[in-house]
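In the order they appear, the protein sequences are chains A and B.
Numbering of the first sequence is given in full-length UniProt numbering, commencing with residue 1 and proceeding in unit increments.
Numbering of the second sequence is given in full-length UniProt numbering, commencing with residue 1 and proceeding in unit increments.
Glycine included, each C-beta is placed from N, C-alpha and C at the ideal position.
All values reported here derive from a predicted model rather than from experimental measurement.
Report on one structure; see the data block that follows.
2 protein chains.
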Amino acid sequence: MKPVPASPLPAESPLPPGWKCYMSPQGRRYYVNTASNETTWERPSSAPGTPKGSLKHKNSIPAGVFEPWLLEGNALHLAYLHSHINCVTFPLPMNVPEQQLLKPNEWSYCDYFWSDKKDPQGAASVSGFEVLLQKQLKGKQMQKEMAEFIRERIKIEEEYAKNLSKLSQIPLAAQEEGTLGEAWAQLKKSLADEAEVHLKFSSKLHTEVEKPLLTFRENFKKDMKKFDHHISDLRKQLVSRYAAVEKARKALADRQKDLEIKTQQLEIKLSNKTEEDIKKARRKSTQAGDDLMRCVDLYNQSQSKWFEEMVTTSLELERLEVERVEMIRQHLCQYTTLRHETDMFNQSTVEPVDQLLQNVDPAKDRELWVKEHKTGDVRPVDLEL
Amino acid sequence: MKPVPASPLPAESPLPPGWKCYMSPQGRRYYVNTASNETTWERPSSAPGTPKGSLKHKNSIPAGVFEPWLLEGNALHLAYLHSHINCVTFPLPMNVPEQQLLKPNEWSYCDYFWSDKKDPQGAASVSGFEVLLQKQLKGKQMQKEMAEFIRERIKIEEEYAKNLSKLSQIPLAAQEEGTLGEAWAQLKKSLADEAEVHLKFSSKLHTEVEKPLLTFRENFKKDMKKFDHHISDLRKQLVSRYAAVEKARKALADRQKDLEIKTQQLEIKLSNKTEEDIKKARRKSTQAGDDLMRCVDLYNQSQSKWFEEMVTTSLELERLEVERVEMIRQHLCQYTTLRHETDMFNQSTVEPVDQLLQNVDPAKDRELWVKEHKTGDVRPVDLEL
Numbered sequence: 001m002k003p004v005p006a007s008p009l010p011a012e013s014p015l016p017p018g019w020k021c022y023m024s025p026q027g028r029r030y031y032v033n034t035a036s037n038e039t040t041w042e043r044p045s046s047a048p049g050t051p052k053g054s055l056k057h058k059n060s061i062p063a064g065v066f067e068p069w070l071l072e073g074n075a076l077h078l079a080y081l082h083s084h085i086n087c088v089t090f091p092l093p094m095n096v097p098e099q100q101l102l103k104p105n106e107w108s109y110c111d112y113f114w115s116d117k118k119d120p121q122g123a124a125s126v127s128g129f130e131v132l133l134q135k136q137l138k139g140k141q142m143q144k145e146m147a148e149f150i151r152e153r154i155k156i157e158e159e160y161a162k163n164l165s166k167l168s169q170i171p172l173a174a175q176e177e178g179t180l181g182e183a184w185a186q187l188k189k190s191l192a193d194e195a196e197v198h199l200k201f202s203s204k205l206h207t208e209v210e211k212p213l214l215t216f217r218e219n220f221k222k223d224m225k226k227f228d229h230h231i232s233d234l235r236k237q238l239v240s241r242y243a244a245v246e247k248a249r250k251a252l253a254d255r256q257k258d259l260e261i262k263t264q265q266l267e268i269k270l271s272n273k274t275e276e277d278i279k280k281a282r283r284k285s286t287q288a289g290d291d292l293m294r295c296v297d298l299y300n301q302s303q304s305k306w307f308e309e310m311v312t313t314s315l316e317l318e319r320l321e322v323e324r325v326e327m328i329r330q331h332l333c334q335y336t337t338l339r340h341e342t343d344m345f346n347q348s349t350v351e352p353v354d355q356l357l358q359n360v361d362p363a364k365d366r367e368l369w370v371k372e373h374k375t376g377d378v379r380p381v382d383l384e385l
Numbered sequence: 001m002k003p004v005p006a007s008p009l010p011a012e013s014p015l016p017p018g019w020k021c022y023m024s025p026q027g028r029r030y031y032v033n034t035a036s037n038e039t040t041w042e043r044p045s046s047a048p049g050t051p052k053g054s055l056k057h058k059n060s061i062p063a064g065v066f067e068p069w070l071l072e073g074n075a076l077h078l079a080y081l082h083s084h085i086n087c088v089t090f091p092l093p094m095n096v097p098e099q100q101l102l103k104p105n106e107w108s109y110c111d112y113f114w115s116d117k118k119d120p121q122g123a124a125s126v127s128g129f130e131v132l133l134q135k136q137l138k139g140k141q142m143q144k145e146m147a148e149f150i151r152e153r154i155k156i157e158e159e160y161a162k163n164l165s166k167l168s169q170i171p172l173a174a175q176e177e178g179t180l181g182e183a184w185a186q187l188k189k190s191l192a193d194e195a196e197v198h199l200k201f202s203s204k205l206h207t208e209v210e211k212p213l214l215t216f217r218e219n220f221k222k223d224m225k226k227f228d229h230h231i232s233d234l235r236k237q238l239v240s241r242y243a244a245v246e247k248a249r250k251a252l253a254d255r256q257k258d259l260e261i262k263t264q265q266l267e268i269k270l271s272n273k274t275e276e277d278i279k280k281a282r283r284k285s286t287q288a289g290d291d292l293m294r295c296v297d298l299y300n301q302s303q304s305k306w307f308e309e310m311v312t313t314s315l316e317l318e319r320l321e322v323e324r325v326e327m328i329r330q331h332l333c334q335y336t337t338l339r340h341e342t343d344m345f346n347q348s349t350v351e352p353v354d355q356l357l358q359n360v361d362p363a364k365d366r367e368l369w370v371k372e373h374k375t376g377d378v379r380p381v382d383l384e385l
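Laid out in structure tokens, this is it:
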């Protein structure tokens, strides 16, 4: 099955807001809603109720497409059109240039984690999706550690405030009199005011920084586990269907060989019985071809489903990561604001922090991270016969 | 001896800088150098080498002033010209309005501590000088306690800095990456910078506030003890000389009575022997009169010396107190400056301290304190016969 270019629509209406057009591995147009990450083959229109074809059907094959020419050739040579890595079908290098990135210039997760990644020790290997998942879990851990850091800061401020407040009440030099006595009393009182300021700082740190950092996405790990299970279930299905394809391919080869032998026998000595045998062998071979066809179809359905889940889930992870970075940025800004309200240094120590916080850019961070950790941008393609 | 008004100088040259003119208890002009507290009866001139008569001589009586009229009257009635409190001679209330303050409008120590003060319990009584001395020692104690207070503040700052510095090095969320990671690293680093600022603050507090407060006038208590011993020695001398005056007064009274008896005897029976007796009794009476005169003279010398020491010492204490208040004010200002350099609050807690420190006024403080603690502004006068 060759990639079929999508026939251009006679009159292309503009896309509704939020939708973008991309090219599929097979060179077919498909559409992504950048807000909801919804994907569809069908060009969305602004008219409500327009039916949309899901990516799920992108690999479905019309019934009866199986061509007998396959029986003439050698089914084994078709394996050279693909490479299989852990039962996933990738195009051969000569076919790779046909693939364009799903989201060019965006360093999107959905483009760079199709291959598996060897462990630094080289022993085990992790799937691209696991790399993404580990990034998310690490992010969650970082957020928790930041909350811990803020908690420590709160404790330091509370201790400082407590000590200042205690000192301001110690009756040292309380008997100093006159205007000097007044100034001294005010100096002592100023410590209580300072204590108040630091106590307020620590209390606001708690409610406005620590708590939001701690409670943001409480069910995150559970959600990630769900994603993980879902994707690995699909991978397991893929493995079993790949085995079924191999088995069917072998059965077809056997049937083809049998048919060939029978045909050679026909050349030697023609008989009714042999002709009957050839008919039977051809029927069986066609049946085995049909069977292989069905297995490949099932396999491609599985891979398609997995592919679709990989894209939507990695886009979701991407969205979650942007959200996390933005949330942390916002709360660290809140921290520096509170620091400013509490103490203003002549040469502010939090100013550089503020500047760097302004420069925080989830897209940039993703680019850096993806460049370092990407496992492969070559996407799987349908298994063809 | 009646107070003799000083004859106005025919042409008064202006006083040299620093000198002021006051009226003595006897209505005589004398001069005080407000810088050195030097006192003199003689009008100082700007010309160098001008001899100056000391206050020491103010009560000296020219030899041979003793007039026999004393023998005619009753020596006892003269006691009504004075009141004696603890052997110090004060004028009677009718003579008090003649006294003007030595330093009018200045609430100077030297004007208000001439009487003794009853304890609040009413049992013991303390001299005016002791009241002044206690004020000085309390002032020294206050200064020491302020240094202690600053020491505590230093400890709090050191602890705070130590905790901030320690926290900034804890590797929490150290693995956060990209621009967010950079901002986070800077935020952690800012704690080390804050710690640095507070450490600098505590170190400057030590060298620029605590240490000067602690070391200012290290020998102060010893110096005060010296003053105390000196003044009480003079008071003891006064007591013994007062006793001598009383004894001589009694001896004179006895001699006068004897002379009177002898004179009455002469009226009854005139004889050579009686006339001889009268001559002898008159001689003895005159001798007793001379003796009393000498005792009074010695007493007045003692009282004068004590008076002078009281004035110069209390002026010195006054100067020391002004110096102490100014020193403390200056170092508390240094404290607020350092506070400002360390932390600037939007609504500064040290601002009211600054304002009150600007209002610190040793003269005002003295006025308040003198008003509350003064023991008496009636000055001792010479004992007269």
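Item to check | Interface flag, Pro352/B vs chain A, CB-CB below 8 Å | outcome: Here the question's residue 352/B lines up with position 352 in the second sequence. Answer yes: the Cβ-Cβ gap between Pro352/B and chain A drops below 8 Å somewhere.
Checklist entry - From Glu194/A to Gly18/A, what distance separates their C-alpha atoms? => result Walking along the first sequence from the start, residue 194/A turns up at place 194. Walking along the first sequence from the start, residue 18/A turns up at place 18. If you draw a straight line from the Cα of Glu194/A to the Cα of Gly18/A, it is about 51 Å long.
Checklist entry - Is the Cβ of Asp361/A closer than 8 Å to any Cβ of chain B? => result Looking up residue 361/A in the first sequence gives position 361. Yes, Asp361/A lies at the interface with chain B (some Cβ there is under 8 Å from its Cβ).
Checklist entry - Looking at the structure shown, is Asn300/A part of a helix, part of a strand, or coil, going by DSSP? => result By 1-based counting over the first sequence, the position of residue 300/A is 300. The three-state secondary structure of Asn300/A, taken from DSSP, is helix.
Checklist entry - Near Lys118/A, which residues of its chain fall below 6 Å by C-beta distance, leaving aside the five closest residues on each side in sequence? => result Residue numbering aside, residue 118/A sits at position 118 when the first sequence is read from its first letter. Contacts found: Ser125.
Next on the checklist: Please report the distance separating the alpha-carbon of Asn163/B from that of Asp116/A.
Outcome noted: Locating residue 163/B in the second sequence gives position 163, where the first residue counts as 1. Locating residue 116/A in the first sequence gives position 116, where the first residue counts as 1. Going by the C-alpha atoms only, they are around 45 Å apart.
Checklist entry - Are the C-beta atoms of Met224/A and some chain B residue less than 8 Å apart? => result Sequence index remark: in the first sequence, residue 224/A carries index 224 (1-based). Not closer than 8 Å to any Cβ of chain B, the Cβ of Met224/A fails to qualify, so no.
Next on the checklist: For Lys135/B, count the other beta carbons within 10 Å of its own beta carbon; 16 or more makes it buried, fewer makes it exposed. Which is it?
Outcome noted: Reading the second sequence from its first residue, position 135 is the one you call residue 135/B. It is buried - the Cβ of Lys135/B has at least 16 other Cβ atoms within 10 Å.
Item to check | Inside the region 210 to 281 of chain B only - beta strand (DSSP E) runs reaching at least 3 residues | outcome: none
Next on the checklist: Per DSSP, what are the beta-bridge partners of His82/A in this structure?
Outcome noted: Stepping through the first sequence from its first residue, residue 82/A is reached at position 82. Bridge partners of His82/A: Pro91/A.
Checklist entry - Can the beta-carbon of Leu338/B be found less than 8 Å from the beta-carbon of Lys204/B? => result Walking along the second sequence from the start, residue 338/B turns up at place 338. Walking along the second sequence from the start, residue 204/B turns up at place 204. In contact: Leu338/B and Lys204/B (Cβ atoms closer than 8 Å).
Checklist entry - Relative to chain B, which residues along the region 233 to 244 of chain A have a C-beta separation below 7 Å, given in chain order? => result none
Next on the checklist: Among Leu172/A, Gln143/A, Phe149/A, Arg153/A, whose alpha-carbon lies nearest the alpha-carbon of Ile150/B?
Outcome noted: The count along the second sequence starts at 1 and reaches residue 150/B at position 150. Closest option to Ile150/B, Cα to Cα, is Leu172/A.
Checklist entry - Can you list, in chain order, the residues of its chain whose CB lies under 7 Å from that of His230/A, leaving out five sequence neighbours each side? => result Taking the first sequence and counting its residues from 1, the one referred to as residue 230/A is at position 230. Cβ within range, chain order: Glu309.
Item to check | Through-space distance from Arg283/B to Ser108/B, alpha-carbon basis | outcome: As a working mapping, residue 108/B is identified with position 108 in the second sequence. As a working mapping, residue 283/B is identified with position 283 in the second sequence. Ser108/B and Arg283/B: Cα-Cα distance of roughly 49 Å.
Checklist entry - Helix, strand or coil for Val126/B per DSSP? => result For the purposes of this step, residue 126/B is identified with residue 126 of the second sequence, where counting begins at 1. Strand at Val126/B.
Checklist entry - Who are the near neighbours of Glu326/B in its chain, counting only those whose CB is closer than 7 Å to its CB and skipping five residues on each side? => result Against the second sequence, residue 326/B aligns to sequence position 326. These residues qualify, in order along the chain: Pro362.
Checklist entry - Within the 8 Å Cβ cut-off, does Gln301/A reach chain B? => result In the first sequence, counting from the first residue as 1, residue 301/A sits at position 301. Taking 8 Å as the CB threshold, Gln301/A stays off the interface with chain B.
Checklist entry - Applying the criterion that 16 or more other CB atoms from any shown protein chain within 10 Å of the CB defines a buried residue, is Pro8/B buried or exposed? => result Numbered from 1 along the second sequence, position 8 holds the residue referred to as residue 8/B. With a pLDDT of only 39 at Pro8/B, under 50, the local geometry of the prediction cannot be trusted, and the value read off the model is given with reservation. Label assigned to Pro8/B: exposed.
Checklist entry - Considering only the beta carbon of each residue, do Leu199/B and Glu158/B sit closer than 8 Å? => result Indexing the second sequence from 1 puts residue 199/B at position 199. Indexing the second sequence from 1 puts residue 158/B at position 158. Their beta carbons are under 8 Å apart, which means Leu199/B touches Glu158/B by this criterion.
Checklist entry - Exposed or buried, what is Gln301/B when buried is set at 16 or more other beta-carbons lying within 10 Å of its beta-carbon? => result As a first step, residue 301/B is located in the second sequence; it is residue number 301 there, counting from the start. By the neighbour-count rule (16 or more Cβ atoms within 10 Å), Gln301/B is buried.
Checklist entry - Roughly how many angstroms separate the alpha carbons of Cys295/B and Ala248/B, rounded to a whole number? => result Numbered from its first residue, the second sequence carries residue 295/B at position 295. Numbered from its first residue, the second sequence carries residue 248/B at position 248. When rounded, the distance between both Cα atoms is 7 Å.
Next on the checklist: Quick check on the burial criterion: 16 or more other C-beta atoms within 10 angstroms. Buried or exposed for residue 414/A?
Outcome noted: What is shown of chain A runs 1 to 385, which leaves residue 414/A out entirely.
Item to check | For Asp291/A and Asp254/A, the rounded distance between their alpha carbons | outcome: What you label residue 254/A is simply residue 254 of the first sequence in a count that begins at 1. What you label residue 291/A is simply residue 291 of the first sequence in a count that begins at 1. Computed Cα separation, rounded: 13 Å.
Checklist entry - Can you pull the DSSP bridge partners for Asp116/A? => result To locate residue 116/A, count along the first sequence from 1; it is residue 116. In the DSSP assignment, Asp116/A forms a beta bridge with Ser127/A.
Checklist entry - Hey, is the region 213 to 223 of chain A in contact with the region 275 to 282 of chain A, meaning 3+ C-beta pairs nearer than 8 Å? => result no
Next on the checklist: Please state the DSSP three-state secondary structure of Asn163/B.
Outcome noted: Within the second sequence, residue 163/B is the residue found at index 163, counting from 1. Asn163/B falls in the helix class under three-state DSSP.
Checklist entry - Start and end of the alpha helix (DSSP H) containing Glu351/B? => result The residue you call residue 351/B lines up with position 351 of the second sequence. 351 to 358 is the span of the alpha helix (DSSP H), which, as asked, contains Glu351/B.
Next on the checklist: Using only the alpha-carbon positions, how far apart do Val209/A and Gln330/A sit?
Outcome noted: By one-based count along the first sequence, residue 209/A stands at place 209. By one-based count along the first sequence, residue 330/A stands at place 330. The alpha-carbon atoms of Val209/A and Gln330/A are separated by roughly 9 Å.
Checklist entry - Going by DSSP, which residues form a beta bridge with Trp19/B? => result Walking along the second sequence from the start, residue 19/B turns up at place 19. Beta-bridge analysis with DSSP links Trp19/B to Asn33/B.
Item to check | Proximity test, Cβ basis, 8 Å: Gln330/A and chain B | outcome: For this step, residue 330/A is matched to residue 330 along the first sequence. So no, Gln330/A is outside the interface.
Item to check | Helix, strand or coil at Lys374/B [DSSP, three-state] | outcome: Position 374 of the second sequence holds residue 374/B. Of the three classes helix, strand and coil, the one that applies to Lys374/B here is coil, per DSSP.
Checklist entry - Do the region 237 to 247 of chain B and the region 259 to 268 of chain B meet, that is, are 3 or more Cβ pairs less than 8 Å apart? => result With the cut-off at 8 Å, the region 237 to 247 of chain B and the region 259 to 268 of chain B do not touch.
Checklist entry - Do the region 353 to 368 of chain A and the region 166 to 186 of chain B meet, that is, are 3 or more Cβ pairs less than 8 Å apart? => result yes
Item to check | Buried versus exposed, by CB contacts within 10 Å (16 or more), Asp382/B | outcome: Position 382 of the second sequence holds residue 382/B. That one is buried.
Checklist entry - What residues from chain B crowd round Trp107/A, counting only those whose CB sits closer than 8 Å? => result Indexing the first sequence from 1 puts residue 107/A at position 107. Ordered by position in chain B, no residue passes the 8 Å Cβ test against Trp107/A, which lies about 12 Å from the chain.
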